[in-house]
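Peer 1: Supplied in structure tokens, the structure appears directly below.
Residue numbers (the numbering used here), protein chains in the order written: chain A, 65 to 214; chain B, 27 to 467.
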């Protein structure tokens with residue numbers, strides 16, 4: 065059983081939440097079978113980051129109307145597919161669809177969404193920074209659960 | 027009384043951007059056609075004013091997520107031309123390798139994510155993947171190779187930062203280049219197979235009379251250098267874009283249109299123009315592919331641009347291999363340019379995946395940017411896209427609305443428009459005005 069925790073984001077303000085969670089996790093001792101990856105562009109990077117994983121936890125920034133910093137666990141079906149797929153950018157849901165169509169989607173996909181306030185400025189905002197530790201704990205707990213059940 | 031029929035598409039699928047195609051047809055005649063681009067301008071030309079010119083390679087890489095190399099290359103050449111910075115042959119060669127990586131990635135993505143769904147009548151590449159898994163995997167493998175080249179020389183594939191005036195921040199190690207060479211040799215067969223697959227698809231034909239414009243170099247397939255030439259006999263220096271073309275504003279687009287100074291006519295830039303004007307500079311494998319498709323290139327046909335992209339993927343692989351096989355490391359990664367900045371003007375045109383990209387700038391005595399002008403390929407193609415659709419529209423009116431709309435969208439996608447560079451795309455509306463049965467006047 066191999067599990068990847070994949071931090072998705074860009075280096076713009078709160079949108080870096082997924083990347084920051086991945087960085088925090090990578091600095092910790094991790095159980096065997098768990099690898100941490102990052103992804104700044106879902107089309108090339110996420111597809112590559114899925115390679116070799118039986119199960120993945122995707123950590124990404126979200127705007128659902130909740131308070132900034134709130135961490136929510138979502139199922140793949142919760143992701144909207146409304147964005148049109150172009151060669152310039154596929155969303156997370158579309159890349160997961162593409163992986164499924166190619167027969168290389170992981171058996172299990174969980175999404176951890178960190179609620180953000182905005183994507184301006186070089187650093188994440190205070191509420192998002194304060195949530196990074198809890199989000200890393202949550203991602204690790206889901207990954208351990210996946211490793212245990214595999 | 028007039029009957030009006032309208033077709034609405036909430037967004038043109040698979041092309042990045044914000045805009046609309048507005049088409050009005052009355053009595054079977056096209057009375058109005060506008061490619062409305064309402065993407066907000068990002069003011070890149072203005073925000074660079076007063077910044078150090080040596081910051082431009084990093085700033086320009088932010089203009090486009092898919093063709094950052096083109097923006098970096100045109101800018102860095104313009105600065106080097108202004109300041110008289112000599113570029114060592116090995117750096118020049120590595121820039122071709124870097125550009126080849128971008129061509130491979132960009133072209134393959136267009137072929138599989140934009141063209142293939144249109145040619146197969148599917149909604150998107152996910153549909154193609156379900157039916158043609160091996161071909162999509164092949165395209166993704168080639169894309170990954172292109173991306174690897176970008177990372178090797180750019181440091182990263184998103185907003186690459188490896189380019190600097192006079193060279194690169196870091197030179198690739200010979201072992202890295204050798205490993206890349208092995209992959210490229212394997213990829214050539216994959217690129218040939220990908221092109222063969224497209225040749226077997228029902229690619230439509232839409233030949234038209236349009237002037238083709240590209241760079242031409244005495245000995246090489248054009249990328250970073252060459253003279254600006256056209257199928258209409260234009261032949262001027264590569265930095266003399268403004269002598270032959272001009273930009274102008276149209277009310278319905280936030281992206282400037284471009285036209286020939288002489289006659290004010292539209293023109294076509296991009297892989298179709300490059301291949302047609304430089305077929306004798308293609309590598310043996312790419313030239314063989316071109317000859318096999320010669321009748322599709324006999325007249326400019328935007329629908330055949332998918333073949334031109336396939337040929338250029340092969341060309342880019344061979345270019346990359348030639349650079350790697352002949353590589354002799356330069357004495358330094360880049361020339362030290364600290365003492366060079368001066369008040370000067372420079373311009374350069376290079377071949378972005380989508381066509382010629384012109385940059386002109388002036389710097390002051392401290393090396394700060396005074397004026398910067400960027401002319402992206404998609405904005406140059408706008409007038410030709412409109413001319414193409416104007417000719418196409420009467421032929422699609424008899425089709426069911428959904429099909430008519432799809433045909434127009436596919437025609438636009440043939441140009442691989444990167445509207446975030448020029449600006450963005452699209453809602454399509456086709457309005458048919460026909461005299462109704464109770465017409466009273």
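Glycine is no exception: its CB is placed at the ideal position from the N, C-alpha and C atoms.
For residue 160 of chain B, count neighbouring C-beta atoms within 10 Å of its own C-beta (all shown protein chains included) and say buried if the count is 16 or more, exposed if not.
Peer 2: The residue given as residue 160 of chain B occupies position 134 in the second chain. It is exposed - the Cβ of residue 160 of chain B has fewer than 16 other Cβ atoms within 10 Å.
Peer 1: Pairing CB atoms from the segment 99-108 of chain B with CB atoms from the segment 326-344 of chain B, are three or more of them under 8 Å?
Peer 2: No, the segment 99-108 of chain B is not in contact with the segment 326-344 of chain B.
Peer 1: Near residue 60 of chain B, which residues of its chain fall below 6 Å by C-beta distance, leaving aside the five closest residues on each side in sequence?
Peer 2: Position 34 of the second chain, counting from 1, holds the residue named residue 60 of chain B. If we look at residue 60 of chain B and ignore the five residues flanking it on each side, its Cβ neighbours are 48, 278.
Peer 1: Which of helix, strand or coil does DSSP assign to residue 316 of chain B?
Peer 2: Walking along the second chain from the start, residue 316 of chain B turns up at place 290. Correct three-state label for residue 316 of chain B: helix.
Peer 1: If residue 207 of chain B and residue 351 of chain B are in contact, beta carbons under 8 Å, what's the gap, nearest whole angstrom?
Peer 2: Numbered from its first residue, the second chain carries residue 207 of chain B at position 181. Numbered from its first residue, the second chain carries residue 351 of chain B at position 325. The pair is a contact, with the Cβ atoms about 7 Å apart (cut-off 8 Å).
Peer 1: Under the assumption that residue 73 of chain A contacts residue 89 of chain A (Cβ atoms under 8 Å), give the Cβ distance between them as a whole number of angstroms.
Peer 2: Numbered from 1 along the first chain, position 9 holds the residue referred to as residue 73 of chain A. Numbered from 1 along the first chain, position 25 holds the residue referred to as residue 89 of chain A. The Cβ separation is near 14 Å, so there is no contact.
Peer 1: In chain A, what lies closer than 8 Å to residue 159 of chain B by C-beta?
Peer 2: Within the second chain, numbered from 1, the residue matching residue 159 of chain B stands at position 133. Ordered by position in chain A, the residues that pass the 8 Å Cβ test against residue 159 of chain B are 165, 166, 167.
Peer 1: Please report the Cβ distance between residue 193 of chain B and residue 360 of chain B, rounded to the nearest whole angstrom; I am assuming they are in contact, meaning their Cβ atoms lie under 8 Å.
Peer 2: Taking the second chain and counting its residues from 1, one reaches residue 193 of chain B at position 167. Taking the second chain and counting its residues from 1, one reaches residue 360 of chain B at position 334. Residue 193 of chain B to residue 360 of chain B, Cβ: 3 Å. Contact.
Peer 1: Measure the alpha-carbon distance for residue 353 of chain B versus residue 176 of chain A and round it to whole angstroms.
Peer 2: By one-based count along the second chain, residue 353 of chain B stands at place 327. By one-based count along the first chain, residue 176 of chain A stands at place 112. Cα to Cα, residue 353 of chain B sits roughly 46 Å from residue 176 of chain A.
Peer 1: Can you tell me which residues form a DSSP beta bridge with residue 58 of chain B?
Peer 2: Counting from one through the second chain, the residue named residue 58 of chain B turns up at place 32. In DSSP, residue 58 of chain B forms a bridge with B/50.
Peer 1: Check whether the Cβ of residue 142 of chain A lies closer than 8 Å to any Cβ atom in chain B.
Peer 2: Indexing the first chain from 1 puts residue 142 of chain A at position 78. No, no contact with chain B.
Peer 1: What do you get for residue 146 of chain A, buried or exposed, if any count of 16 or more other CB atoms within 10 angstroms of its CB means buried?
Peer 2: Start at 1 with the first residue of the first chain, and residue 146 of chain A comes out as number 82. Here residue 146 of chain A scores only 49 on pLDDT, less than 50, and its place in the model should not be relied on; the value that follows carries that caveat. The residue in question, residue 146 of chain A, is exposed, as its Cβ has fewer than 16 Cβ neighbours within 10 Å.
Peer 1: Residue 443 of chain B and residue 404 of chain B look like a contact to me (Cβ under 8 Å); what is the Cβ gap, rounded to whole Å?
Peer 2: The sequence position of residue 443 of chain B within the second chain is 417, counting from 1. The sequence position of residue 404 of chain B within the second chain is 378, counting from 1. With a Cβ gap of about 5 Å, residue 443 of chain B and residue 404 of chain B count as contacting.
Peer 1: In the DSSP assignment, find the unbroken alpha helix (DSSP H) run with residue 406 of chain B in it and report its ends.
Peer 2: As a position in the second chain, residue 406 of chain B is number 380, starting the count at 1. Where residue 406 of chain B is concerned, the enclosing alpha helix (DSSP H) stretches over 403-422.
Peer 1: Restricting to Cα atoms, I'd like to know which of B/167, B/95, B/215, B/230 is closest to residue 436 of chain B.
Peer 2: Along the second chain, one-based indexing puts residue 436 of chain B at 410. The residue with the shortest Cα to Cα distance from residue 436 of chain B is B/230.
Peer 1: Rounded to whole angstroms, what's the CA-CA distance from residue 245 of chain B to residue 62 of chain B? Just pull it up for me.
Peer 2: As a first step, residue 245 of chain B is located in the second chain; it is residue number 219 there, counting from the start. As a first step, residue 62 of chain B is located in the second chain; it is residue number 36 there, counting from the start. Near 40 Å, if we compare the C-alpha coordinates of residue 62 of chain B and residue 245 of chain B.
Peer 1: On the DSSP bridge assignment, give the partners of residue 136 of chain A in chain order.
Peer 2: Indexing the first chain from 1 puts residue 136 of chain A at position 72. Answer is A/177.
Peer 1: Mind checking if residue 163 of chain B is an interface residue toward chain A, Cβ cutoff 8 Å exclusive?
Peer 2: Residue numbering aside, residue 163 of chain B sits at position 137 when the second chain is read from its first letter. For residue 163 of chain B, the answer is yes, since a Cβ of chain A falls inside 8 Å of its Cβ.
Peer 1: Can you tell me which of B/294, B/257, B/209 puts its alpha carbon nearest to the alpha carbon of residue 408 of chain B?
Peer 2: For the purposes of this step, residue 408 of chain B is taken as the residue at position 382 of the second chain. Here the closest residue by C-alpha is B/294.
Peer 1: Going by other Cβ atoms of all chains shown within 10 Å of its Cβ, with 16 needed for buried, is residue 96 of chain A buried or exposed?
Peer 2: Position 32 of the first chain, counted from the start, is the residue given in the question as residue 96 of chain A. That one is exposed.
Peer 1: Check whether the Cβ atoms of residue 382 of chain B and residue 262 of chain B lie closer than 8 Å to each other.
Peer 2: As a working note, residue 382 of chain B is residue 356 in the second chain. As a working note, residue 262 of chain B is residue 236 in the second chain. Not in contact: residue 382 of chain B and residue 262 of chain B (Cβ atoms no closer than 8 Å).
Peer 1: Do the segment 119-126 of chain A and the segment 203-213 of chain A meet, that is, are 3 or more Cβ pairs less than 8 Å apart?
Peer 2: With the cut-off at 8 Å, the segment 119-126 of chain A and the segment 203-213 of chain A touch.
Peer 1: Which residues in the same chain as residue 122 of chain B place their Cβ atom closer than 7 Å to its Cβ, once the five residues preceding and following it in sequence are excluded?
Peer 2: Looking up residue 122 of chain B in the second chain gives position 96. So the list reads 249, 250, 345, 349, once near-sequence residues are dropped.
Peer 1: With 7 Å as the C-beta to C-beta threshold (strictly closer), list the residues of the segment 135-158 of chain B near chain A in chain order.
Peer 2: Against chain A - using a Cβ distance shorter than 7 Å - the residues of the segment 135-158 of chain B are 135, 136, 139, 140, 150, 151, 152, 155, 156.
Peer 1: Residues of chain B with CB closer than 8 Å to the CB of residue 105 of chain A, please, in chain order.
Peer 2: Position 41 of the first chain, counted from the first residue, corresponds to residue 105 of chain A. Result: 91, 183, 184.
Peer 1: Go to residue 433 of chain B, then tell me how far its beta strand (DSSP E) extends in each direction, as first and last residue.
Peer 2: What you label residue 433 of chain B is simply residue 407 of the second chain in a count that begins at 1. No beta strand (DSSP E) contains residue 433 of chain B, which is instead part of the alpha helix (DSSP H) from 427-439.
Peer 1: If you draw a straight line from the C-alpha of residue 76 of chain B to the C-alpha of residue 367 of chain B, how long is it?
Peer 2: Position 50 of the second chain, counted from the first residue, corresponds to residue 76 of chain B. Position 341 of the second chain, counted from the first residue, corresponds to residue 367 of chain B. Looking at the two C-alpha atoms, the distance is approximately 14 Å.
Peer 1: Within its chain, find whatever has a CB closer than 8 Å to the CB of residue 301 of chain B; leave out the 5 residues flanking it on each side and keep chain order.
Peer 2: For the purposes of this step, residue 301 of chain B is taken as the residue at position 275 of the second chain. The residues are 308, 316, 323, 334, 337, 338.
Peer 1: Terminal residues of the continuous beta strand (DSSP E) containing residue 103 of chain B?
Peer 2: Stepping through the second chain from its first residue, residue 103 of chain B is reached at position 77. Residue 103 of chain B -> not in any beta strand (DSSP E); alpha helix (DSSP H) instead, spanning 94-109.
Peer 1: Within 8 Å, do at least three Cβ pairs link the segment 129-136 of chain B to the segment 168-176 of chain B?
Peer 2: Touching, yes.
Peer 1: So, is the C-beta of residue 61 of chain B closer than 8 Å to a C-beta in chain A?
Peer 2: As a first step, residue 61 of chain B is located in the second chain; it is residue number 35 there, counting from the start. Not closer than 8 Å to any Cβ of chain A, the Cβ of residue 61 of chain B fails to qualify, so no.
Peer 1: If you pair each beta-carbon of the segment 171-191 of chain A with each one of the segment 122-140 of chain A, do three or more pairs fall below 8 Å?
Peer 2: Yes, they touch.
Peer 1: For chain B, is any of its Cβ atoms less than 8 Å away from the one on residue 111 of chain A?
Peer 2: Start at 1 with the first residue of the first chain, and residue 111 of chain A comes out as number 47. Chain B, which has a Cβ nearer than 8 Å to the Cβ of residue 111 of chain A, makes this yes.
Peer 1: Mind checking residue 274 of chain B: buried by the 16 CB within 10 Å criterion, or exposed?
Peer 2: For this step, residue 274 of chain B is matched to residue 248 along the second chain. Exposed, by the Cβ-count rule.
Peer 1: How is residue 338 of chain B classed by DSSP in three states: helix, strand or coil?
Peer 2: For the purposes of this step, residue 338 of chain B is taken as the residue at position 312 of the second chain. DSSP places residue 338 of chain B in helix when its eight states are reduced to three.
Peer 1: In three-state DSSP terms, what is residue 196 of chain A?
Peer 2: By 1-based counting over the first chain, the position of residue 196 of chain A is 132. Helix at residue 196 of chain A.
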